[in-house]
Structures are given as structure tokens and as C-alpha cells.
Amino acid sequence: MVLPRFFPRHLPDMLLPALLVLSALVAAARAAFVPADSHLVLCGTAASATVGGRTFVGDATLPSSALLAPQSAAANRSAGSSANASSSTSSGDPEALYQYARVFAAPSTYTFAIKSPGRHFVRLHFLPFRYQSGDLATDARFTVSAQGVALVDAPYTPANGTATVREFSVSVSGRTLAIAFAPAGNKKVAFVNSIEVVSHPDDLFADQAQMVNPLGQYAGLSTQALETVHRINMGSPKITPGNDTLWRTWLPDEAFLSDPNVAVHQEKPPKALQRTPGLATAEAAPDMVYATATELNKKLLDRTISAQFNMTWKFQATPGWAYLLRLHFCDIVSQAANQLAFNVYVGGWSVLSNYEITKDTFGALAVPLYKDFVLSAKDATGNITVSVGPSTVDNVDPDGLLNGLEIMRLVGDTGGGSGDPSSRTRSKKIIAEIAAGSAVAGVTVVMAAAFVFLRARRRKKPEKKPSSTWAAFSATALGGSRTRSFGNSRNNTVTLGESAAGAGYRFPFAALQEATSGFDEGMVIGVGGFGKVYKGTLRDETRVAVKRGNRRSQQGLNEFRTEIELLSRLRHRHLVSLIGYCDERGEMILVYEYMAKGTLRSHLYDSELPPLSWKQRLEVSIGAARGLHYLHTGSGAKAIIHRDVKSANILLDDTFMAKVADFGLSKTGPELDKTHVSTAVKGSFGYLDPEYFRRQMLTEKSDVYSFGVVLLEVLCARPVIDPTLPPEMVNLAEWATKRLKNGELDSIVDQRIAGTMRPESLKKFADTAEKCLAEYGVERPAMGDVLWCLEYALQLQLHEASPDGSGTDDTPLVPRVASKYQRNLSTASDGTAATMSANLGDLDGMSMRRVFSKMIKSEEGR
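Quick note, the sequence shown lines up with residues -31 to -1, 1 to 831 if you use mature numbering (1 follows the signal peptide of the UniProt record, and there is no 0).
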């Protein structure tokens, strides 16, 4: 027998033989699950059918007490619609489950005898068809309940022409299970083609699970009725009921992936799996789920710099309900333990941070396990997204995987608690089974002892504690119920929603005052519309950026709210992280991670800093594009539009990695059936999308336009608006795009680095910027396409030397020219500033004064 990989090889010799024997007992105890109750019924017929090795019997052959069905009728799908079918059929085709139906014109009930109280699957099969008395596709509209809980509470009409299976897990507390069908409305009927009532292990669902938002434990799952909404096998293939011990269906994940290009499928022989007691049994999911996985595309990761993107699955779900999400994991890709770490998000919330599967399997690979999370009803909108992204841990390669996913609607409590009389019966049954299962129980105890032994010997990593000046973030800080209003000395208030509950730490004002030396002016590192930004150092030496709001600004209140509520649910390597906030003494203060290298703008012009190399500029542009792409596609059910993309809002850390900042003007994107958001114009002049400005119709393409202007800044190293220049040069976007169309690319490039740029890389970059600046949004690329083009431009720049060995990154491949921008800049006079508005154009007939006036007065439209 092979010793399980998670056993330590250095255990005492006397313990090893005992563990080997216990391992054998565990293997022997892993028999296939046999349900105590298995009612498989064909409705509306006396016939029977064998499907997938299981025999369904007609309800007409059941005892009369099993079906209370006043005004019911049998419907035959065959032409002519005879109420009587052949007495016996045998077919392995699932189609046999839909040949007949029981139709109810009044409330009716099926009653099933239950041998073993506990959790049972209830599967209801529906397929509308025409029959002698009518058409189920138009006549059916009904509800279904069981154990007094409405399984289908909204009037339901099954999809025409499609076989539908609605699966529920119900906790049965007594000796019978009643499933009631009730027509909804006059002249409406209820129907069902076939029914399954099959017991499954009670421990398939634990009583508790982690909440997605806010953090905490959800209790009471053991008595909840659950409806399976999605059951997915990542990595393919489809798993049919005959290949699952609990006769479940698992669909492939391809149809749910937002971007298949970022993911690849992996597979391992199922026999290589190592099932471990206390983790995932064969009933949790079949071997094929854990032997396949969808993994982040390593080839894509390898050809990008500081790769950081997520693979995201999007699933439809009925809003207004809480959902249980079960994520199945099995490390089938690593060669050794501690090589794989990744992040997992549900919606906009992080549920697993820097997660290492092997930490839960004691270093063993290919061990199946799962994690349960509950998404509350207030957070479950029309779509549920699940994302996996690379870890930020330095000593692991960017990677991530998911093996399977189940999403189940929490329907309602069906009882089965300790106060129920049937619990005593179940207790007797448990006592009677103790003797039969004592060997397995002993195995579990000893295995647990071995696990404790292992864990005790593992080196425990010290936890990183927060600064001693930080106060723990409380749920009531941002609203104990729905919302909470904060006021300042001018009686202005800002209301924060519940989504802000994950904002981070609530800092005492005194701690931030200490960190910034009393908000000393010498600590100011930036000034914006919200207020000043100070460099700060906490007592634990953590460097932070402290943005102190202008207490006289109503705009500041809105930005304060937006930043907290938005950044509390966004986590991405290329977005500046919000660490916490302070709302004491009428203050509005936001605390961010410190970005040591400052703004992208400061490295391009208007400073004494050395210029960034072309390679650095490409990497910075790629990082910013990744952040914006995440906002548009990977942050939740709806896109988030930044609305103030500019070089001053792209910050660089000490390694020059770019992160998008300042979300005070951000706005949630349009509904699924809408193309835009109608809103007043906000943003920074010179970066504004002209279509958005004219029509006040905001889309993700508005950010694409602004980012195109940033790319021109990167290319030309000059301000977007420079009134000291001649009229034709004042506006960067107008001047540069005109030069590009005239084939004068070399004349606008930053001459300080022109000699280091490969022509093909430069052209790809310039073409990308030009496409972003198309007049109409529909003509602009999506941010994902922009990101791909920039990564391609970087690869062209890093291309290996030419065959003769002459090509290197420092070779002056783009000739230096007498820059028209530099020449005109040196000869421009102050008098040219007066012609600025003429050069900018009137943007639909408006003067510059009217433009700024409109932007200032449009606050109510945010």
C-alpha cells in the first residue's frame, strides 16, 4: 500500500504500522453511497423506464395515498395524446423522463414515505408539450412547495421546448415528504413530468459557512432548503448523472467565462487524486471534477510584465435571495507544495487572499477539498461573478485555478432541529450505527491526531499586525443597518452604503495627525479637488498617503462616500488600495497605500525627474490599462467607469509599477439592457471624451478616450493643455492626432528617448493611442483590446537582436529629429495664450467659460 503523501516520513517507527493499518481501513470504508430513500417516479403514466441504470416507475402504479390529485389528468406527449401508454418501456435515453406528465387543475400533492429522515434531493423534471386537452407551454403557471416551504414561490412556467430539472436539497424531519403543486391563476394548470426523491448524506452541507460580506459566519445551513442554480465542472467535460454517486449533472465552464483567452484547462488522471478524511468525500464531487481545472493562462502570464489579471465566470441568478457558493479546489498543477497561491473574489469582495491549497492539505498535492461561502440577498444582484487572480506574494509565480463551483439558492428553513420529535428517532439510529462505524470513527480520530502532530511541527508564520495607532474597523462605523450619515461642521452629510463594510481600518484622527507631523505643509505630496495629500508614517513604520478632504467642499463629501464604497469592494494589483479612513471631528480623511514614485505625470514633464525609458513607459501604460480593464469587466455585475483618467491619477510605486488612483468621480456602468449612463459631465479638461461632453452619455469608451490622451502624454512628454504654445498646439489630442494622420510620428516623440525606441513598437503604440481617440465611442477599442496592443508593443520593443547582432534596446532605432514641439515651445510668446479657446474649438458651440461653468454646476447630476 502506498503511504499517503501527507504522512510525515519521520514519525516514530512504532506509529507507522498503526497508521498503515488505519489507512487500509479508511480505503475499505470508502464504499459507494447507497441512499436509504430512492423514489423515482414517472408522472402521468403506468409505464416504467430505466434511465442511467435507475428505474423510474409510473405514478399510476403507486398506492392511492401517495398522490392526492383532485382534477388531475395524465398527458401523453405522443401524437393523438392517449391517456394510456404502454405498460412497460425500457430505455437508457433521458428523453423517457419527459414522455408523460401529470397535469393538475387544482392544488395537488405527492406524498412520499421516508425511511430515513435527513437531507434529501428533490428533483422535478419539466418539459411542456401539447396534449389532447391543451398546451402546457401556455396553460401551465404554478408554484411548488415541500415541508411547508415554497420551493418555487413565484408563478413558474417551464421553458417551452427545453427539458428543465429543478433540483432542491430538503431537510426532511418526519416520516413523510409532501410535495405540493398549485396552479397560479384562473384556467392555469400545474404539471410535472417526473420526480426524484433521493436521500443524500446529511454532512454534504455543514451548518456554517463564511459570509462574503460582511465578514462573519452564517449559521443554519443544515436546515435550509437549497436549490441548485449552477453546478459547474471547471476544465470540462460535462459530467452526467451516471458518473456521479449522487446522480448530479455538472456542466462545463466555457460558456460562463468572461474572457476564455486568460484561462487554460488542465487535467490529471483521476486515480492520482488522494482523498483525505475530513476534507472532500466522493459525494462532495466526483473525481472528474477534481481531476480537471481551469487555470490562469501561464503563456499569457509569461509574456507580460508584472502580470496581474483575473479569470472571471459570470452566472445569472435571481436577485433578492441569499446564495451558497461552494468552490472546489485540488492542486493538480504544482510539482511541489507551497508553489501555488492565488486570490479568489465573489463579486467585488475578496473571499480568499493569497490562498495556498496545500496549507489545507498538510503539504499534499492532488487532495480534493472545498470552501463554502454565503452571499447575502442584498449583495446578490442579477449576476454573480467568481474570479481567480494571481497572488501578491513575492515568492510564488502568478497563477491560480478552480476545479468546480456550485451555486445554490437558500430557499427557506425546512426544520429538522433538535426540538423536533423525529430528532430522537434519528438519535437512536445514529446510536445503532455506531458499532458498525466504529472502525472508521477510530480511523478519523487517529488521523486527526496525526494532523495535530503535523501542524504542531509546522513552522507557524508570524501574523502581520496592524499599527498600534489603528482602531479596529467596526460594522457600525459605516452603518449598522442600511446606511449611516456622517456630518461635518457645516452640517453637510455623506451617506455610506453597506458595501463599505470592508473598507479597512477606521483611523483615530490623532493617529493620522501624528503620522503627518500635525499635517505639516512640508509633508504635502499632492493637491487635488478633494484636498491635500500628505505623506505619513505610522508607528509601525508603514508609509501611507493621507488625503485630507476640504471641509468646505460639498464635492468632497460625495468623493469621500464614493471612494470608500467603491474601493471597499475592489481589489486589484493595479488599483491603489484604500487602507482606511477617518471621520472624526468633522474630518473626511482617506488613507491609501503609499506610492513612492508619485504620479506618472511628474515623470513625463513639469519636474526635474529623469525621463522614463521607453520600456518603462510601456510597462506603466500596460499596468494602468490592466487596472482600467478590471474596472470595466472584472469588478462585478456592472462595469465601473473611472471618469477621471489622467496621468496625475496614475501612480507609481518604488518599482515603477503603475496603479490607477482617485475614484471620487467614478460611476457604475449601465444596466445590461442599456448602452450608456445619462449623467452630467465630470472629469478633467483635455481628457474629456467629446461624445460624452456633447451628449452627456457616459460609457466605458469614455475612459478609453481619456486613456488615449494619457498614451499621447507618454509618447510626447508634454501637457494635455498648454496655453503658452501657438494655437494649433495648445490641445495635445488635436495636435498629436493631426500629426499622426499626416505620417509625422517621429516629430512628436519625446526626443530624450527617441533613439532607444524600436520603430515597430513605436508605431503599434501610436496606432493604439490614435484608435482610442476616435470621435465616436463605438469606433474605439475596448480596454481589453488596448491592453493586448500595449503588451504587443512591449514585446516588439523587447524583441531579440537582429541576425547581425546590431539590435539592442539602446540602439537608436528611431532617428532624432528637430522636434516641432520643442522648436515651437522655445519661440512661443505669452501672447499665444489668448488664442487658446480658438484652438480648442467650441465643442458644440460652447465657449471655454461656458464649458467650465457647465462642469461646475452639474454636481446634481452625479
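Cβ atoms here follow ideal geometry from the backbone N, Cα and C, with glycine treated the same way.
- Distance from the CA atom of L680 to the CA atom of L559, rounded to whole angstroms, is 29 Å.
- Here S582 is not near L759, since their CB atoms are 9 Å or more apart.
- Three or more Cβ pairs drawn from the segment 142 to 155 and the segment 79 to 88 lie within less than 8 Å of each other, which places the two stretches in contact.
- Residue pairing by DSSP places T263 opposite H234 and L371 in a beta bridge.
- Excluding the 5 residues flanking it on each side, T531 has same chain C-beta neighbours closer than 7 Å at F632, G633 and S635, in chain order.
- For D382, the CB contacts under 8 Å within the same chain, skipping 5 residues up- and downstream, are V118, G189, T192, Q193 and A194 in chain order.
- In this structure, L66 is the residue among L66, T281 and H543 with its C-alpha nearest to the C-alpha of N162.
- Per DSSP, the beta bridge partners of P221 are N202.
- About 5 Å separates the beta carbon of F160 from that of V72, a gap short enough to meet the 8 Å contact definition.
- Of the candidates R708, A608, G592 and T287, the residue whose Cα lies closest to the Cα of N618 is G592.
- By the neighbour-count criterion, in which a residue is buried when 16 or more other Cβ atoms sit within 10 angstroms of its Cβ, T131 is exposed.
- Short of 6 Å from the beta carbon of L714, and not among the five residues preceding or following it, lie these beta carbons of its own chain, in chain order: A735.
- S163 has L11 and H94 as its beta-bridge partners, per DSSP.
- Counting of Cβ neighbours within 10 angstroms places H598 among the buried residues, the total reaching 16 or more.
- Check the Cα spacing between T354 and each of Q285, Q304 and R99: the tightest is with Q285.
- Sorting E165, A251 and V315 by C-alpha distance to the C-alpha of N279 places V315 at the top.
- Boundaries of the beta strand (DSSP E) around L120: V118 to Y125.
- According to the DSSP secondary-structure assignment, R295 is paired through a beta bridge with D341 and E375.
- The criterion of a C-beta distance shorter than 9 Å is not satisfied by L709 and S730.
- Rounded to whole angstroms, L11 and A29 show a C-alpha spacing of 9 Å.
- The residues G21 and T218, in chain order, have a CB closer than 8 Å to that of T209 in the same chain once the five nearest residues on each side in sequence are set aside.
- Annotation for Y550: the continuous beta strand (DSSP E) segment containing it runs L547 to C551.
- The alpha-carbon separation between P477 and G289 amounts to approximately 36 Å.
- Within the DSSP secondary-structure output, G567 pairs in a beta bridge with L621.
- For F311, the enclosing beta strand (DSSP E) covers residues F311 to V315.
- When secondary structure is reduced to three states using DSSP, F174 falls in the coil class, being assigned neither helix nor strand.
- Across the structure, W704 and I610 are spaced so that their CA atoms are roughly 27 Å apart.
- Residue pairing from DSSP places I208 in a beta bridge opposite W219.
- DSSP places Y656 in no alpha helix (DSSP H); its state is neither H nor E.
- Our two residues, Q766 and K733, have alpha carbons roughly 10 Å apart in a direct line.
- In the structure shown, D382 adopts extended strand secondary structure according to DSSP, grouped into three states.
- Beta-bridge pairing by DSSP links S168 to H89.
- With contacts defined by Cβ atoms closer than 9 Å, V343 and V181 form a contacting pair.
- D222 is positioned such that its CB atom lies closer than 9 Å to that of S205.
- Taking every protein chain shown into account, the CB of H199 has 16 or more other CB atoms within 10 angstroms, so this residue is buried.
- With a cutoff of 9 Å on beta-carbon distance, F25 and S17 are scored as near each other.
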